[in-house]
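**Student:** Before we start, here is the structure in question, set down as structure tokens.
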Amino acid sequence: MPDWLTSDEWRAVNLSLLVSFWASVLSLPCGIAAAYVLARFDFWGKQLLNGIVHLPLILPPVVTGYLLLLTFGRRGPVGAFLEQSFGLVFAFRWTGAALAAAVMAFPLMVRAIRLAIEAVDPKLEQAAGTLGASRPWVFLTVTLPLILPGVIAGFILAFAKAMGEFGATITFVASIPGQTQTLPSAIYAFLQVPGGDAQAMRLVLISIAIAMLALLLSEWLGRRVARRIAGT
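Each residue of the sequence shown is one higher than the last, beginning at 1 in full-length UniProt numbering.
Next comes the structure, spelled out in structure tokens:
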């Protein structure tokens with residue numbers, strides 16, 4: 001632990017990194033699938049699916065957090081089933097913070113990946129299909145390598161968004177130091193007590209540094225992958 005951070009501050013930073021990482025990793029397969037369906041298929045209810053995917057961007061975060069609490073809380077239909085069947089609890093746990101962050105970041109991930117898929121010429125996929133390749137194999141061998149920059153950008157944008165998530169997280173899992181108190185909720189908590197401005201400012205600077213690092217890493221990885229694809 002760095003000497004210039006208190007134990008509470010370090011726990012908030014560490015928990016935020018943990019929550020954001022798992023929120024991004026676990027939502028990535030669903031994000032790729034949703035983006036592919038929206039980019040490549042026309043079907044009844046497509047606009048409804050698109051609306052549901054982007055709903056967290058429009059709803060107040062507190063509303064999203066409350067809906068998660070109703071659904072995944074211990075008395076909620078999904079939460080009760082998961083606890084009784086698998087012993088998995090989301091409400092007021094760090095796993096719930098990861099779930100809330102994943103839901104809030106999901107639209108950004110899907111949008112970045114969808115734009116990457118739409119930029120791929122469908123004729124390339126059709127050509128692979130005419131050679132006998134199945135649709136999943138075409139996606140894995142043709143589409144996925146071409147959209148890797150978009151996937152990377154979507155992942156890192158989701159990670160950065162998850163790092164800054166506050167409203168849905170604090171509504172769903174509260175702000176319990178060492179358990180569910182992430183960077184944004186820790187900043188808010190420090191601002192509510194006399195003399196907490198210095199601690200809040202340190203965490204603000206850390207948040208800015210992580211966000212900038214994530215954006216720079218996204219740009220660097222995206223360009224590197226794009227150059228590698230262009231050179232093959």
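Think of the CB as a built atom: it goes at the ideal place given N, C-alpha and C, for glycine as much as any other residue.
Output needed for Ile187: all residues of its chain with C-beta closer than 7 angstroms, excluding positions within five of it in sequence on either side, in chain order.
**Tutor:** Along the sequence shown, one-based indexing puts residue 187 at 187. Hits under 7 angstroms: Ala200, Leu203 and Val204.
**Student:** Quick one: what's got a C-beta closer than 8 angstroms to Gly79's C-beta in the same chain, skipping five residues either side?
**Tutor:** In the sequence shown, the residue the question calls residue 79 occupies position 79. Counting only Cβ-Cβ distances below 8 angstroms, and skipping sequence neighbours, we find Thr71, Phe72, Gly73, Val89, Phe90 and Ala91.
**Student:** Compute the distance between the beta-carbons of Phe166 and Pro177, then report whether it is under 7 angstroms.
**Tutor:** If you number the sequence shown from 1, residue 166 lands on position 166. If you number the sequence shown from 1, residue 177 lands on position 177. Against a cut-off of 7 angstroms, the Cβ pair of Pro177 and Phe166 comes out as no contact.
**Student:** Val53 and Pro107: beta carbons closer than 7 angstroms?
**Tutor:** Against the sequence shown, residue 53 aligns to sequence position 53. Against the sequence shown, residue 107 aligns to sequence position 107. Closer than 7 angstroms, so yes.
**Student:** Please state the DSSP three-state secondary structure of Ile210.
**Tutor:** Taking the sequence shown and counting its residues from 1, one reaches residue 210 at position 210. Ile210 falls in the helix class under three-state DSSP.
**Student:** With the cut-off set at 7 angstroms, would you say Val19 and Thr171 are in Cβ contact?
**Tutor:** In the sequence shown, counting from the first residue as 1, residue 19 sits at position 19. In the sequence shown, counting from the first residue as 1, residue 171 sits at position 171. No. Outside cutoff.
**Student:** For a minimum of 4 consecutive residues, which ranges assigned as the alpha helix (DSSP H) are wholly contained in the stretch 54–123?
**Tutor:** Whole alpha helix (DSSP H) segments, 4+ residues: 61–72, 77–86 and 94–118.
**Student:** Leaving out the 5 sequence neighbours to the left and right, which residues in its chain are closer than 8 angstroms to residue 280 when beta-carbon positions are compared?
**Tutor:** In the structure displayed, the chain extends from 1 to 232; residue 280 sits before or after that span and is not available.
**Student:** Can you have a look at Met104 and say buried or exposed, based on whether 16 or more other CB atoms are within 10 angstroms of its CB?
**Tutor:** Taking the sequence shown and counting its residues from 1, the one referred to as residue 104 is at position 104. By the neighbour-count rule (16 or more Cβ atoms within 10 Å), Met104 is buried.
**Student:** Measure the Cβ-Cβ separation of Ala189 and Leu157 and say whether it is below 7 angstroms.
**Tutor:** Here residue 189 corresponds to residue number 189 of the sequence shown, with the count starting at 1. Here residue 157 corresponds to residue number 157 of the sequence shown, with the count starting at 1. No, they are not a contact pair.
**Student:** Should Met212 go down as buried or exposed, given a rule of 16 or more other Cβ atoms within 10 Å for buried?
**Tutor:** What you label residue 212 is simply residue 212 of the sequence shown in a count that begins at 1. So Met212 counts as exposed.
**Student:** Is the closest heavy atom of the ligand COA to the C-beta of Gly132 under 6 angstroms?
**Tutor:** This structure does not include the ligand COA; it has no bound ligands of any sort.
**Student:** Using the Cα positions of Val138 and Gln126, report the straight-line distance between them to the nearest angstrom.
**Tutor:** On the sequence shown, position 138 is the one that residue 138 refers to. On the sequence shown, position 126 is the one that residue 126 refers to. Cα to Cα, the separation comes out at about 9 angstroms.
**Student:** Is DSSP giving Val193 helix, strand or coil here?
**Tutor:** Taking the sequence shown and counting its residues from 1, one reaches residue 193 at position 193. Val193 falls in the coil class under three-state DSSP.
**Student:** Note down the Cα distance separating Ala198 from Ala133, rounded to an integer number of angstroms.
**Tutor:** As a working mapping, residue 198 is identified with position 198 in the sequence shown. As a working mapping, residue 133 is identified with position 133 in the sequence shown. Taking the straight line from one Cα to the other gives about 60 angstroms.
**Student:** Does DSSP put Phe166 in a helix, in a strand, or in coil?
**Tutor:** By 1-based counting over the sequence shown, the position of residue 166 is 166. Three-state result, Phe166: coil.
**Student:** Check Gly132 in the structure and name its three-state DSSP category.
**Tutor:** Numbered from its first residue, the sequence shown carries residue 132 at position 132. DSSP places Gly132 in coil when its eight states are reduced to three.
**Student:** Buried or exposed for Ile32, going by 16 or more other Cβ atoms inside 10 Å?
**Tutor:** As a position in the sequence shown, residue 32 is number 32, starting the count at 1. Counting Cβ neighbours within 10 Å, Ile32 comes out buried, since at least 16 surround it.
**Student:** Nearest to Arg224 by CA position, among Phe81, Leu15, Thr6 and Leu146, is which residue?
**Tutor:** Numbered from 1 along the sequence shown, position 224 holds the residue referred to as residue 224. The residue with the shortest Cα to Cα distance from Arg224 is Leu146.
**Student:** Could you compute how far the alpha carbon of Ile208 sits from the alpha carbon of Arg227?
**Tutor:** The residue given as residue 208 occupies position 208 in the sequence shown. The residue given as residue 227 occupies position 227 in the sequence shown. Ile208 and Arg227: Cα-Cα distance of roughly 29 angstroms.
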